[in-house]
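Residue numbers (this note's numbering): 459 to 650.
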């Protein structure tokens, strides 16, 4: 099931350098962070973003596991910051770790790109784990009252994602089951 129509996302969240990835969200996968990644690709513009999404959709279909979900970074990334992080990691690397590090260089660079310091744009994602949540009500009441600019919202398997501009995170204190992700991932596809 394609969670989002990719067209609106192509216009707002696919320009610049971004990361698209398949992530294993199974309950049995106790790994955290990058160890959950099945595959990750880097795009540099809208065209490469579309190609990467097509490749990952094909791989996701081939795997056929509904726990493997397709995501993309909501924020574009600063390459210069990620390169500096990678260089620092290389400088501090002891010689006995060279083989492991350099045979895994793509993953290391993607990890540097996905660090919060490498975030270029500044979109937030409000992740609400409540299938009965009404995003329209949230937007018309809380978001408007506090001048939270919302860009896009979509249903997820457990609730809703709302993409917004940055705002004072204390405004969500009274919203149960809502988690704010200041550098989150857009859910693009889940297999049924």
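Glycine included, each C-beta is placed from N, C-alpha and C at the ideal position.
Keep in mind the model is a prediction, meaning the values are calculated, not measured.
Inter-residue distance for residue 577 and residue 561 is about 26 Å (C-alpha atoms, whole angstroms).
In the DSSP assignment, residue 501 is bridged to 476.
If the five residues before and after residue 606 are omitted, its C-beta is found closer than 6 Å to the C-beta atoms of 622 and 625, all from its own chain and listed in chain order. Fully enclosed beta strand (DSSP E) runs of no fewer than 3 residues occupy 582-586, 608-614 and 617-622 of the stretch 572-630, in order along the chain. Look at residue 554 here: in three-state DSSP terms it is helix. In the three-state reduction of the DSSP assignment, residue 647 falls in the strand class, which pools E and B. In the structure shown, the three-state DSSP call for residue 541 is helix. Distances from the CA of residue 568 to each of 538, 550 and 639 were compared; the closest alpha carbon is that of 538. DSSP, read as helix, strand or coil, puts residue 568 in helix. In this structure, DSSP gives residue 531 an extended state, which the three-state scheme calls strand. Non-local C-beta neighbours of residue 644 in its own chain, meaning closer than 8 Å and more than five positions away in sequence, comprise 462, 467, 471, 529, 530, 531, 532, 583, 619 and 621, ordered along the chain.
In this structure, the beta-carbon distance from residue 517 to residue 480 falls below 9 Å. Residue 482 sits close to residue 526, with the two beta carbons spaced by under 9 Å.
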